[in-house]
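Those protein sequence lines, which keep their order, are chains A, B and C.
If you're matching positions, the first sequence starts at 3 in my numbering and goes up one per residue.
If you're matching positions, the second sequence starts at 592 in my numbering and goes up one per residue.
If you're matching positions, the third sequence starts at 824 in my numbering and goes up one per residue.
By construction, the Cβ of each residue, glycine as well, lies at the ideal position given by its N, Cα and C atoms.
Just so we're clear, the structure is a prediction, and the values are computed from it rather than from any experiment.
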Amino acid sequence: MKDVLTTCAFCGCGCGLYLQIEKGYVTGVTPSQRHPVSRGRLCARGWHIYEFVHHPDRLKKPLVREGGAFREVDWREALDMVAKNLIGIKDKYGSDSIGVIASPKCTNEDNFVLMKFCRAVLGTNNIDNGASLYDSASLPGLMQSCGFGASTNSLNELEDTEVILAVGTDTTQTHPQVASRITRAISSGATLIVIDPQKTKISSFANVHLRLKQGTYVGLINGIIHIILKEGLINEKDVSRATSNLDSLKKMVEKYTPDYVSELCGISGSDLAKAARLFAKADKAMTVYSTGATAQAAGKDIVCALANLALLCGHLGRPHNGIITLQEQNNALGAADMGTLPDFYPGYQPVNSETERAKFESEWNTKLPAKPGLSILEMLSPGRLKALYIMGENPLITAPDVGLTSETLDGLEFLVVQDIFQTETAEFADAVLPAASFAEKDGTFTNIERRVQRVRAAVSSPGEALPDWKIITELSKRMGYTMDYGSPAQIMEEISHLTPIYTGISHKRLDEEWGLQWPCPDKEHPGTGVLRRDFYEGPKAIFPLIEQNGKGKEHFTPVQDIPLMEPPDAQYPFTLTTGSLYWHWHSGTMTRRSATLSREYPDVFAAINPQDAEQLGIRKNQRIRVISKRGEMETAAMITDRVQVKTVFIPQHYKNTASKVLLNPSSFTNAKASEMFCAVRVEPVMKI
Amino acid sequence: MSRYEENLWIITRDNLFALMEVFIKTREVIAPVRGHGGEVIFYPIETIEDVAWDWQYVNAVLPPKRFFLPQTEVMFEYRHDNSYKITPHYDDQVRMIFGIRPCDVNALIFLDRFFGGGSLSKESTDEEPLFPDSHYIKRRANTFIIAFGCHQPGENCFCVCCDAGPFLEEDYDLQLTSMNADYVVEVGSARGLKIIYGNEHFFRKASSDEVKELERIKEGALNTFADTCAYVSKAIRRITEGKVDDSLWEELAERCLDCGGCSYVCPTCCCYNIVDIALSDKSGIRTRTWDSCAFAGFTRIAGGEILRSDKKDRLKRRFFHKLSYRYIEKNKRHGCVGCGRCITTCFADISMPSVIEAVRRQ
Amino acid sequence: MKDVYYPDIALIDTVRDETGDVKTLRMRFKNPDTQKNLSYRSGQFFEVSIFGIGEMPISITSTPSRKAFFELSVKNVGLVSAALHRLPTGSEVGIRGPFGNGFPYEEVFGKNLLFVGGGIGLAPLRSLINNVLDNRDNFGKVIILYGARTPGDLVFKDEFKWWESQPDVTMLLTVDRGDEKWTGNVGVVTTLFPRAGIMSKNAVAFVCGPPVMIPFVIRDLLELGFTDDTIISTLERHMKCGVGKCGHCCIGHKYVCIDGPVFTYHEMKVMTE
């Protein structure tokens, strides 16, 4: 019997847990009692995370496509075949004909090595990670406003703040640890303001719930700013000292009068004013937001608007004052930190900066491409690429249009998928490479509060599965570029050497602590819980972007509201939205294989408001049809007032739900952000 | 007093260490140890030095329940060649749990009765269990228990209110209580006595002063607990009589985050699910895994319907099961041993003490 | 010590299609001694394993008065039942049990018996009905009232003639929705009550059917003079282990798998979720 301390691989909270090992099998889970995030608690996903590890469906041998079917091969054959094809395509069409999708589920070390492989071996910046599908907004949004693209504060600070502004987040479902901190804050007297079209569990605790019309977030936040400016509630000291661009913000929000905003968002002016005053007058206030706000074309603008609001009131850059972005995947932040982005090297060092590029070129001893690469949505658009290398992602379920994604995958000359299960995406692959799960490899994840934490191998991989980084280095060798890492700890040495925000981080240090929060600029640095104002005045290498926006100051970024890409109309009067359930996670590859978790919601459903149900004559569990301009699907009805009137919610985790078929493909054409909304109509399959 | 043997024994710290080193060589010895960051977990020890000797800790998140009913347990293996062949799996590991607290031992006694392990002490006149659970019973029979009496409650402890501590009165093998630099040893089973007689040179009989001193220690320990026990009986009465208004459960249901942790960390919760895992077309295993009545899917029947779909009913069910007098009568003890783990693990502060308090206030 | 979780192997001898989604499997234990020693009460159930998929409780529909085999009627509603439906004759399945308390039998000697069944709920009743008719002299008048959604959903149709032909048996059928061939009663099962000649005196009613049916039947039976103790029904719960351990079927103070699944209305009334 053995217990191995590691980090949960589901949501971005990053709980510490022990995997219980018996005779080489993970047989259970124990929450870590002193871990700063888990504190003796786990959500249902965490408690059952072990259930998928030894699932018989795990990929055990490399597979290569032969005709219509897959054939099991040994690693040598698989890797030779992949190397040969990638070299062939690179030679024939050039480096930029190849794309790489990295994974917010894999370790920092896996992502770093894949990123290096992409840039140094394939010679392209066409790399992005799956988290960008849900949240391509936070990174540019927060960077533009605050100079960094991550949560500014730590989760535990939520418990001692006065006002919490929760925006587009069903926190109890997606991030239970954060939700419990919010409810604890409320128990000790904090005020909660919720901005969300849906009724959520946390909204039932809200002092003000602004149940706005879908697609009007920016207008609403601008409306709040308008009131704050008009009533003179801004934090003058902070604003004058630390921020720039106030005048253009003032100009932008001028038109967002309470009347205008009430009409636009469908909420009462008094609620709006109440929210504005509560937030502005608080001494300590924190903002949390999630994919409900970011997974839309206006996502980046929403993030900027929230940053404007926080800056204006001085609720940023101090303890218990800040913005927490609730990334849904365990290592969404880490994957971005590692530079699995089309425009950044690790630590958000821009690829188009010659100094940075020169540094990486000299360290890696090769020429690197200067032109920023394609985003994940661009890579998944038909015809952009000849070959795609996907590590630990299942875009066929997670990307916004399954039809378009399959067209893209079908059209590729060569597709490699590296994963722990034969995913829906892997069905299209020419080679499928079996990877180790989180329980079988060493490395690190970085949680939503920038905490870099150890992941530790607890059991051996099934069959011949290998850690992702190992597969990439083996492949790299075959393509003529040797990456000689003996262990993930060695990879971390290179990461910290090249990444200013990770400089002080090593596996050895992480083993002695409960992780370290970046920026951690040197070996003695204790890590950074609160990204403080004075920090910006430190070594500029840590935040090279600060220079871009305004002389080391946070920056107001005025934004205006834009309508949904496909607003409802007479023919399609409902807005379809998608999101997560507590019991499942992401594409469901793991949770659908957990007996306990999948028992709760074994099948997909569509949730509608009781009022709509009555009007349409739809009863609980009745089969209904959800129809958009592009297609239709049939499913069971769930009737709940949690969804707004004229809204349909379909969870994202299921195969063949076609929810994604219905979603708006124009997000691809626009290629900035995927918008998880579209207009639909709903009808019963059979009238009762 | 229902000790197995009237005599008390004394063992010095050095002798205890020497004795334990002998055991460590011959069996898996589980003890509370300090893990990462100093947190306490039950873990196999390699040397007696590994034990968290200061005893100053909140109970480890998981009780030793996992050594008798693991979160996942293989029940049997099947193979199909021409016909099915089924091979049961039992855990034959010989274990000792050292340093287990009285609350956790009381929980084991609760489980013994439930799974049919029977009482350790011979005097017990328990009726034959209806369906004895051989997996549990085998693990239990192979595990020797050295309990430690508690001088001082941890911050979440309320065992006195549940008649489950801070010292054991029966159904243990050996109970140690530190006294000055040495340990007083009480014997609670034939197995325990065998250890004493088999290692007599490590022990000496306690003097009458020492016997008195132990009584004094026990009384002193009792006095360190807050006196909230009256509320427990009130909660038992009101829950048994169905006099708790549903609004209480509704309010708790608003807060509960469906994690199931309360059941998992509870030393007396033992519901499980049965899950088959096919390892190939021809072979596989049947496992049982911890389950929780907090989950809606727990009562899902074939065809999909969930019978206890309202969370308020599920919470009510949990506390009814723990506290209803008819269950206490059936199980011959409380469904709660006052270990305080649900306080640690609940996201929403729904714990036994907080519910008892809410019932009192209602 | 017998391991209560260890299944015995049984063979499927014949498969009969009852309806579009109900099959009756005639089975026997592979070990002839196990089969010979099998004894059970009507109303008890087996835990049936399809290895690798899982286990489900299925009430025994054959009568203990006929010994060479046992029968299980299975509606295709979930993973295990779907797998059972796919099995050809000669297949092996795992069987644990019999579990549960079963219907009172000796206790109702000399009584008039009313059986009210709905849909697949007739399966456990059929065991008792056949046991009663095989020992006809021990009982008084027998009334069988059975309803299903459509004529195609009626199970054990082959046996209705035989039941009807037995002395002092009244048998009435009804469906919620008829078809072109259906000439019988249309309506819920309680619509049969007025013309069934039901007398509550010295009588016991056995009621099995879908959860929506039970309360209406009980209401009407009480009106007819049955008492809380003379109305007997079964509870459907997720009985995973069958031996009162896993906790899934627990309701009130009862474990349905060992204290039930057969309960009097009196017992059911005091149970709380």
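### Message
Between C:A1028, C:F1039 and C:F892, which has its C-alpha nearest F1049 (chain C)'s C-alpha?
### Response
C:A1028
### Message
For a contact defined as C-beta to C-beta under 9 Å, what are the partners of E845 (chain B) on chain A?
### Response
K203, S206 and F207
### Query
Nearest-angstrom Cα distance between I548 (chain A) and S140 (chain A)?
Summary for I548 (chain A): the model assigns pLDDT 42, below 50, so the residue's position carries little reliability, and this model does not support an answer.
### Message
Taking 8 Å as the threshold (C-beta atoms), are F72 (chain A) and L61 (chain A) in contact?
### Response
no
### Task
Measure from the alpha carbon of E365 (chain A) to the alpha carbon of each residue in A:R121, A:D82 and A:A681, then state which is nearest.
A:R121
### Task
Decide yes or no for the touch test of the segment 34-48 of chain A against the segment 73-82 of chain A: beta carbon pairs closer than 8 Å, at least 3 of them.
no
### Task
Kindly confirm or deny that the segment 981-997 of chain C and the segment 922-932 of chain C touch, where touching means at least three C-beta pairs closer than 8 Å.
no
### Query
Using the rule of at least 16 other Cβ atoms within 10 Å of the residue's Cβ for burial, across every protein chain shown, is S630 (chain A) buried or exposed?
buried
### Query
Distance, Cα to Cα, G1083 (chain C) vs G48 (chain A)?
35 Å
### Query
To the nearest angstrom, how far is it from the Cα of D1051 (chain C) to the Cα of T857 (chain C)?
38 Å
### Query
Secondary structure at V457 (chain A), three-state DSSP: helix, strand or coil?
strand
### Message
Among the candidates A:Q331, A:A338, A:S355 and A:A282, whose CA atom is the shortest distance from the CA of N323 (chain A)?
### Response
A:A282
### Query
By a C-beta neighbour count over all protein chains shown, 10 Å radius and 16 as the cutoff for buried, is W587 (chain A) buried or exposed?
buried
### Task
Kindly indicate if chain C contains any beta-carbon less than 8 Å away from that of R908 (chain B).
yes
### First and last residue of the uninterrupted beta strand (DSSP E) at I480 (chain A)
Note that residue 480 (chain A) is Arg in the sequence shown here, rather than Ile. Counting along the chain, R480 (chain A) falls outside any beta strand (DSSP E), though it belongs to the alpha helix (DSSP H) covering D470 to R480.
### Cα-Cα separation, T603 (chain B) to R458 (chain A)
40 Å
### Under the three-state DSSP convention, the category N922 (chain B) falls into
helix
### Task
Determine the direct distance from the alpha carbon of I830 (chain B) to that of T637 (chain A), and round the result to whole angstroms.
41 Å
### Query
Relative to chain A, which residues along the segment 848-871 of chain B have a C-beta separation below 7 Å, given in chain order?
L848, D849, C850, G851, G852, Y855, N864, V866, I868, A869 and L870
### Query
Short check: CB of V950 (chain B) to CB of A826 (chain B), under 8 Å?
yes
### Query
Are any of the Cβ atoms in chain C nearer than 8 Å to that of T878 (chain B)?
no
### Message
Taking CB distances under 8 Å as the criterion, tell me whether D826 (chain C) reaches chain B.
### Response
yes
### Query
How many angstroms separate the CA atom of P402 (chain A) from the CA atom of A681 (chain A)?
14 Å
### Task
Tell me, please, whether the CB atom of T9 (chain A) is closer than 8 Å to any CB atom in chain B?
no
### Query
Starting from S630 (chain A) and walking both ways along the beta strand (DSSP E), at which residues does that stretch end?
R625 to S630
### Query
Any chance the segment 846-866 of chain C sits against the segment 883-898 of chain C, with 3 or more Cβ pairs inside 8 Å?
yes
### Task
Grab me the residues of L214 (chain A)'s own chain with a C-beta within less than 7 Å of its C-beta, minus the 5 sequence neighbours each way, in chain order.
I197, P199, L222, C267, G268 and I269
### Query
Within the 8 Å Cβ cut-off, does P661 (chain B) reach chain A?
yes
### Query
How many Å lie between T202 (chain A) and D836 (chain B) at the Cα?
25 Å
### Query
Closest Cβ-Cβ distance between A192 (chain A) and chain B: below 8 Å?
no
### Task
Take T1014 (chain C) and list the residues in its own chain whose beta-carbon comes closer than 7 Å to its own, dropping the five residues that flank it on each side.
T997 and N1008
### Query
Checking contacts by CB at 8 Å: is P653 (chain A) closer than that to chain B?
no
### Task
From the DSSP output, read off the bridge partner residues of G101 (chain A).
A:L390
### CB contact check: R919 (chain C) to chain B, cutoff 8 Å
no
#### Entry: CB contact check: S945 (chain B) to chain C, cutoff 8 Å
no
### Query
Any idea which residues DSSP pairs Q766 (chain B) with across the strands?
B:A738 and B:E777
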